[in-house]
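**Student:** Each number in the numbering used here comes from the position in the sequence shown (counting from 1) with 680 added on. Take this structure, written in structure tokens, and hold onto it; I'll ask about it next.
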Amino acid sequence: MKTPIKYFCLFAFLLLGLTNTFAQIETSRWKAQIAVGLNSPAQDGLVRPFVAKSTNFPTINLGIQRMFKPQIGAKLDFGYNRIANDDNTPEFKVNYTRINAQFVYDATNDITFLPVGIALVGHVGPGYSIIKPLGDFKDNNISFLNVMGGLEFHYKIASTVSIYLDTSYIFGFASEFDPLTKGFGSFNGNLFTATVGVSFSLSGCRTCND
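Right, dumping it as structure tokens:
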């Protein structure tokens, strides 16, 4: 092969690699997420004799994520959770909603044994929880600050789409409430959630091949 052709092939190869890297960065810059799953409340967040189910449905999470660097970013997300009474205990239902601003760290490159197409992303940040009981206790509303942390396991199914499993823990900074008023039918404890969802790009590479 003649020397000019070698240089041309090398240049083309480098250009293709840079273009592909840039496209990957762009598709990761802005993402939207939606997930559905279950939640498990800490029982000490309820006034006796109220007892919640150990697992409750649904939990719904919606978020917008912005990556400032390939591994570092932030997201704003909203969560809705329904908590209901266990069998043979006083009846109640609670809507637990939250909004959190979270730091995001993509640890995929730090863990060399992950299979191709799998990504591991951590997130943590402060937020605000709003508790609204339903039924007979609908006036016992409370709200408090929280901090949320979790891990997401992503599996890439297209250039701009991945499905993911998220496990998170929400720690509430709630004060004790009066068991005769705010306590009945309300919840001021911590919450574990497990959801499955879809993450899709809102930026770059709109005509990428899978």
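The beta-carbon is built from N, C-alpha and C at its ideal position, and this holds for glycine as well.
(1) Here's the rule I'm using: 16 or more other beta-carbon atoms within 10 Å means buried, otherwise exposed. How should VAL796 be labelled?
(2) Per DSSP, what kind of secondary structure is ARG778 in: helix, strand or coil?
(3) Do you know offhand how far LEU742's Cα is from ASN820's?
(4) Looking only at its chain, what residues have a beta carbon closer than 6 angstroms to the beta carbon of VAL675, apart from the 5 residues adjacent to it on each side?
(5) Taking all protein chains shown into account, do 16 or more other C-beta atoms lie within 10 angstroms of the C-beta of SER855, making it buried, or fewer, making it exposed?
(6) So, at 7 angstroms on beta carbons, what are the nonlocal neighbours of THR857 in its own chain, with the 5 sequence-adjacent residues on each side left out?
(7) Does the distance from the C-beta atom of ALA799 to that of PHE833 stay below 9 angstroms?
(8) Helix, strand or coil for ASP790 per DSSP?
(9) Where does THR739 land, buried or exposed, given buried means 16+ other C-beta within 10 angstroms?
(10) Short of 7 angstroms in beta carbon distance, which residues of its chain neighbour THR875, apart from the five on each side in sequence? Order them along the chain.
(11) Check whether the Cβ atoms of ARG778 and MET747 lie closer than 9 angstroms to each other.
(12) Can you tell me whether DSSP reads ARG728 as helix, strand or coil?
(13) Can you check which of these residues, LYS749, GLY807 and ILE850, is closest to PRO721 by C-alpha distance?
(14) State the CB to CB distance for the pair ARG762 and LYS773, rounded to an integer number of angstroms; the pair is presumed to be in contact (CB under 8 angstroms).
(15) Taking all protein chains shown into account, decide if LEU814 is buried (16 or more other Cβ within 10 angstroms of its Cβ) or exposed.
(16) Provide the residue span of the beta strand (DSSP E) that contains SER823, from first to last.
**Tutor:** On the basis of the data shown:
(1) The residue in question, VAL796, is exposed, as its Cβ has fewer than 16 Cβ neighbours within 10 Å.
(2) Strand, per DSSP.
(3) If I take the Cα positions, the gap works out to 26 angstroms.
(4) Residue 675 falls outside the range modelled here, since the chain spans only 681 to 890, and no answer is possible.
(5) So SER855 counts as exposed.
(6) Per the sequence presented here, residue 857 reads as Phe, with Thr not at that position. Cβ within range, chain order: ILE822, GLY863, SER866 and ASN868.
(7) Closer than 9 angstroms, so yes.
(8) Residue state, collapsed to three classes: helix.
(9) Sixteen is the threshold: when 16 or more other Cβ atoms of the shown chains lie within 10 Å of the Cβ of THR739, as they do, the residue is buried.
(10) In chain order, ALA715, VAL716, GLY717, THR739, ASN741 and ASP846 place their CB closer than 7 angstroms to the CB of THR875, counting only its own chain and leaving out the 5 sequence neighbours on each side.
(11) Contact flag unset, no.
(12) Residue state, collapsed to three classes: coil.
(13) By alpha-carbon distance to PRO721, the top candidate from LYS749, GLY807 and ILE850 is ILE850.
(14) For ARG762 against LYS773, the beta-carbon gap comes to about 7 angstroms, under 8 angstroms, which counts as contact.
(15) It is exposed - the Cβ of LEU814 has fewer than 16 other Cβ atoms within 10 Å.
(16) According to the DSSP assignment, SER823 belongs to the beta strand (DSSP E) that extends over 822-836.
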